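J.: Position 235 of the sequence shown, counting from 1, maps to 534 under my numbering, and the rest follow consecutively.
C-beta: ideal position from N, C-alpha, C; glycine also.
Model, not experiment: these values are computed from the prediction.
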Amino acid sequence: MADTFTFDIASLPSDRITLFEIRYNIEPHNSVCAWSWVVKYALYAKKIPFHVELVEMVDIPALSKALGLQPGEIIMGAPMYTLPAIYDPSTKKAVSDSLTINMYLDAQYPDTPRVVAEGTKGLIKAFFTAIRTLDYASFPLTIETYLGLTTAKSREYFRTTREKFLGARIEDMTPREPEKIAEVWAGVEKAFDTMDGWYGGNTFIMGNDVPTHADFVVAGRLMLLQEFFREESQDWKRVAGLNDGRWGKLLKYCNDMSVL
300 MADTFTFDIA
310 SLPSDRITLF
320 EIRYNIEPHN
330 SVCAWSWVVK
340 YALYAKKIPF
350 HVELVEMVDI
360 PALSKALGLQ
370 PGEIIMGAPM
380 YTLPAIYDPS
390 TKKAVSDSLT
400 INMYLDAQYP
410 DTPRVVAEGT
420 KGLIKAFFTA
430 IRTLDYASFP
440 LTIETYLGLT
450 TAKSREYFRT
460 TREKFLGARI
470 EDMTPREPEK
480 IAEVWAGVEK
490 AFDTMDGWYG
500 GNTFIMGNDV
510 PTHADFVVAG
520 RLMLLQEFFR
530 EESQDWKRVA
540 GLNDGRWGKL
550 LKYCNDMSVL
């Protein structure tokens, strides 16, 4: 339970950043958090060594308080603590929220490739709001798998919090009938079509020759879908092939650069 959580910041590596992300039962990463991948891709792009610390979902509030982090938002009257978060031993600072983290990395490590362009914070926040359309569209296809990947310790917490927020049982959110499945997929494809319009003829959304934060946000969602559907499945191949294969290519680029 969350009240038994113990944490000693002195146990973390002193020579590299620690990235905290939610633990799931999935190999090889043990995590399927799209927002964590946004930070991972930035760290890889900057070639900043990092250590991953997996955290039980029920322990996020206790960890956040131990690190001195504030809740990201208030949901249903309660503070919501979220991951990813990082701890940088070189500054003894803890930072949460993927955009805030990547802006911190840009500022603290100025000799590395910038991932959040100057003056684009407002534009990126608008982009986040728009990309939620994809999250909501794909949610019925992934929520039951999400539940199955949670650890035994966190599964009941995941179920009760999601069902309270969404007002339905998780099993009832998943489409079963062919016409309902087709309807959900139509929404997913429409969301990807919208994103394709943002990219125009560019490989990356800012028109650069390398990806930046907004591309990592998209790639994080793609990584999540690939993990949920499994790479060899027809569902993943369907996503990867949309818009002339743009999304499969974007994810491959981001994953290919993910080495230190």
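Tell me the start and end of each unbroken alpha helix (DSSP H) in the region 490 to 549 that is at least 4 residues and wholly inside, in chain order.
T.: 512 to 528
J.: Just confirm the distance between the C-beta atoms of Leu311 and Thr317, as a whole number of angstroms; I'd bet it's less than 8 Å.
T.: Taking the sequence shown and counting its residues from 1, the one referred to as residue 311 is at position 12. Taking the sequence shown and counting its residues from 1, the one referred to as residue 317 is at position 18. Yes, Leu311 and Thr317 are in contact; Cβ-Cβ is about 5 Å, under 8 Å.
J.: For Asn395, which beta-bridge partners are listed by DSSP?
T.: As a position in the sequence shown, residue 395 is number 96, starting the count at 1. In the sequence as presented, Asn is not what sits at residue 395; that position holds Ser. Ala384.
J.: Could you check if Met300 is buried or exposed, using at least 16 other CB atoms within 10 Å of its CB as the buried criterion?
T.: The residue labelled residue 300 in the question sits at position 1 within the sequence shown. A caution first: Met300 carries a pLDDT of 42, below 50, which makes its placement in the model too unreliable to give a value.
J.: If we ignore side chains and look at the alpha-carbon of each, how far apart do Leu368 and Ile321 end up?
T.: Sequence index remark: in the sequence shown, residue 368 carries index 69 (1-based). Sequence index remark: in the sequence shown, residue 321 carries index 22 (1-based). Distance between the alpha carbons of Leu368 and Ile321 is about 16 Å.
J.: Note down, in chain order, each residue of its chain lying with its Cβ closer than 6 Å to the Cβ of Val415, except the 5 sequence neighbours on either side.
T.: In the sequence shown, residue 415 corresponds to position 116, counting from 1. So the qualifying residues of the chain are Asn401, Met402, Asp405 and His512.
J.: Helix, strand or coil for Ile430, going by three-state DSSP, please let me know.
T.: Mapped onto the sequence shown, residue 430 falls at position 131. Helix, per DSSP.
J.: Mind checking whether Gly519 and Trp336 have CB atoms under 7 Å apart?
T.: Within the sequence shown, numbered from 1, the residue matching residue 519 stands at position 220. Within the sequence shown, numbered from 1, the residue matching residue 336 stands at position 37. Yes, the pair counts as a contact, with Cβ atoms nearer than the cut-off.
J.: For the beta strand (DSSP E) that contains Ile316, what are its first and last residues?
T.: Counted from its first residue, the sequence shown places residue 316 at position 17. Ile316 -> beta strand (DSSP E) spans Ile316 to Ile321.
J.: Using 7 Å as the threshold, is the C-beta distance between Leu561 and Tyr323 below it?
T.: Not covered by the structure: residue 561. The range shown for the chain is 300 to 559.
J.: For a quick check, are the C-beta atoms of Ala333 and Pro412 less than 7 Å apart?
T.: Against the sequence shown, residue 333 aligns to sequence position 34. Against the sequence shown, residue 412 aligns to sequence position 113. Contact: no.
J.: Nearest to Pro388 by CA position, among Leu362, Arg315 and Leu353, is which residue?
T.: Taking the sequence shown and counting its residues from 1, one reaches residue 388 at position 89. It is Arg315 whose Cα lies nearest to the Cα of Pro388.
J.: Return helix, strand or coil for Met402, following the three-state DSSP convention.
T.: Mapped onto the sequence shown, residue 402 falls at position 103. DSSP places Met402 in the helix class (H, G or I) of the three-state scheme.
J.: Grab the span of the alpha helix (DSSP H) containing Val338 for me, first residue to last.
T.: Here the question's residue 338 lines up with position 39 in the sequence shown. Val338 -> alpha helix (DSSP H) spans Ala333 to Lys345.
J.: Kindly indicate which three-state DSSP category Met472 falls into: helix, strand or coil?
T.: Counting from 1 along the sequence shown, the entry for residue 472 is found at position 173. Of the three classes helix, strand and coil, the one that applies to Met472 here is helix, per DSSP.
J.: Using a Cβ-Cβ cutoff of less than 8 Å, which residues in the same chain neighbour Leu550 once the five nearest sequence positions on both sides are dropped?
T.: To locate residue 550, count along the sequence shown from 1; it is residue 251. Hits under 8 Å: Ala518, Leu521, Met522, Gln525 and Ala539.
J.: Does the region 342 to 359 touch the region 452 to 459, meaning 3 or more C-beta pairs lie closer than 8 Å?
T.: yes
J.: Please go through the same chain and pick out, in chain order, the residues whose beta-carbon is closer than 7 Å to the beta-carbon of Met556, but skip the five residues on each side of it.
T.: Working through the sequence shown from its first residue, we reach residue 556 at position 257. So the list reads Tyr343 and Ala344, once near-sequence residues are dropped.
J.: So Val487 and Ala436 are in contact, right, with Cβ under 8 Å, and what is the actual spacing, rounded?
T.: Along the sequence shown, read from residue 1 onward, the residue named residue 487 stands at position 188. Along the sequence shown, read from residue 1 onward, the residue named residue 436 stands at position 137. About 5 Å separates the beta carbons of Val487 and Ala436, which is inside the 8 Å limit, making them a contact pair.
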